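Novice: Below is one structure. I have some questions about it.
Shown next as structure tokens:
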């Protein structure tokens with residue numbers, strides 16, 4: 003299948019109406035993605051940032067992960083001198099229990115309100131477990147909100163479709179929500195991890211030279227990155243989530259293909275090919291150098 007830029011018109015030139023759904027404290031990559039978006043007001047009309055749940059060694063429960071993500075978002079808003087009131091919302095405090103389980107939260111209500119108004123599409127960029135987004139997809143059906151022309155979902159999750167198994171952190175955190183996202187999204191661009199987002203590698207020496215000296219934001223991101231490992235010798239780390247947000251900032255940084263949307267086997271989390279499924283866009287490559295160059299430049303410009 004020939005590679006193309008998008009399954010439908012890519013994010014338009016000019017300011018793209020967007021929300022970011024992020025498990026910001028889960029690792030170190032969400033912070034980079036959020037900063038990149040917030041420092042791109044020419045390209046992105048950021049409407050809101052939603053805290054997503056997560057559960058790993060940095061949280062005691064999915065709800066605790068969401069709360070810690072909310073706190074990290076507020077930290078970054080403070081560093082960037084932005085007012086969080088009306089912009090930052092708590093999300094789901096648990097994962098889905100069933101395919102009909104709408105997990106209510108301020109994030110879900112706010113996203114529904116944005117989708118119910120205006121004619122410009124809302125790009126919903128999800129870089130964590132899609133519990134908030136899938137709850138919105140279910141609730142919008144109940145409220146008869148027309149998502150077909152109003153919602154564009156961009157999700158960093160799963161693995162490339164040529165691999166049998168889709169297992170990846172965001173997808174595995176809430177498999178029910180992940181499957182619903184595939185089934186119900188009116189428009190979906192998928193950023194797989196290995197072989198695509200995994201291309202976004204950087205190192206402590208690179209960040210210490212090109213990011214940390216720029217000011218408090220650069221120092222914060224560098225410190226978060228460096229703290230992820232005690233051994234930096236011959237060590238590089240993926241900044242996965244930059245892939246999805248960079249697509250909205252500049253779709254020319256992404257190569258992609260149109261393919262049929264797969265289903266997900268609940269027990270094994272294997273991809274189930276659906277040749278007659280609705281079309282979606284699968285990212286196949288990202289321009290690592292262009293993305294980091296743009297991030298570094300925008301942090302430098304922010305600090306003057």
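In the working numbering, the protein residues as written are 3 to 306.
Heads up, the beta-carbon is just placed ideally off N, CA and C, and yes, glycines get one too.
As the structure is a computational prediction, the values presented were derived from the model and not from experiment.
(1) For residue 137, name the three-state secondary structure that DSSP assigns.
(2) Assuming residue 34 and residue 254 form a contact by the criterion Cβ under 8 Å, report the distance between their Cβ atoms to the nearest whole angstrom.
(3) Thinking just about the alpha-carbon of each residue, which of 282, 122, 230 is nearest to the one in residue 239?
(4) Would you kindly report the start and end of the unbroken beta strand (DSSP E) that includes residue 64?
(5) Rounding to the nearest angstrom, what Cα-Cα distance links residue 293 and residue 246 in this structure?
(6) Is the beta carbon of residue 95 sitting closer than 7 Å to the one on residue 54?
(7) Just to confirm, is the Cβ distance from residue 134 to residue 110 under 7 Å?
(8) Note down the Cα distance separating residue 173 from residue 300, rounded to an integer number of angstroms.
(9) Thinking just about the alpha-carbon of each residue, which of 140, 161, 175, 212 is nearest to the one in residue 186?
(10) Can you look up residue 148 in the DSSP assignment and give me helix, strand or coil?
(11) Quick check on the burial criterion: 16 or more other C-beta atoms within 10 angstroms. Buried or exposed for residue 177?
(12) Decide if residue 216 is buried, meaning its Cβ has at least 16 other Cβ atoms within 10 Å, or exposed.
(13) Between residue 73 and the rest of its own chain, which residues show a CB-CB distance below 8 Å, the 5 nearest in sequence each way excluded?
(14) Counting along the chain, where does the beta strand (DSSP E) carrying residue 50 start and finish?
Specialist: This is what the structure gives:
(1) In the structure shown, residue 137 sits in a helix (DSSP, three-state: H, G or I).
(2) Their Cβ separation, rounded to whole angstroms, is 20 Å, which puts residue 34 and residue 254 out of contact at 8 Å.
(3) Of 282, 122, 230, the smallest CA-CA separation from residue 239 is found for 230.
(4) Premise fails: residue 64 lies in the alpha helix (DSSP H), 64-81, not in any beta strand (DSSP E).
(5) Approximately 11 Å between the Cα atoms of the pair.
(6) No, the pair does not count as a contact, with Cβ atoms beyond the cut-off.
(7) Yes, they are a contact pair.
(8) Each residue's Cα considered, the two are about 31 Å apart.
(9) Closest by C-alpha distance to residue 186, out of 140, 161, 175, 212, is 140.
(10) Note: residue 148 maps to coil in three-state DSSP.
(11) Under a 10 Å Cβ-count criterion, residue 177 is classified as buried, with 16 or more other Cβ atoms of the shown protein chains found around its own Cβ.
(12) It is buried - the Cβ of residue 216 has at least 16 other Cβ atoms within 10 Å.
(13) Answer for residue 73: 27, listed in chain order.
(14) Run containing residue 50: 46-53, per the beta strand (DSSP E) assignment.
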